[in-house]
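Numbering (the numbering used here), first residue to last: 70 to 151.
What follows is the structure, encoded as structure tokens:
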């Protein structure tokens, strides 16, 4: 993976992570942000990525969105079964 592709994928992961922060609307973008993160980490390796901050924040937001959706679903299931 060349540097330009790594930067574009990092920015794409950041945007998908922002959208993925929304609990239910952003489920697919959050998963895609995690896939982009894994692809960049595997193909680009330990080389310097100028957009590494965007990549890490995109993944953090995606994970928080997925955790928020999981928490919301679990609370809904617990209250629904009572």
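In this text, a Cβ means the ideal position worked out from N, Cα and C, and glycines have one as well. As the structure is a computational prediction, the values presented were derived from the model and not from experiment.
For residue 88, the CB contacts under 6 Å within the same chain, skipping 5 residues up- and downstream, are 95, 98 in chain order. With fewer than 16 other beta carbons inside 10 angstroms of its own, residue 143 counts as exposed. Annotation: residue 119 is outside any alpha helix (DSSP H) and is labelled neither H nor E by DSSP. In this structure, the straight-line span from the alpha carbon of residue 76 to that of residue 147 is close to 42 Å. For residue 111, the uninterrupted alpha helix (DSSP H) run begins and ends at 96 to 113, by DSSP.
Counting along the chain, no alpha helix (DSSP H) covers residue 151, and no H or E run does either.
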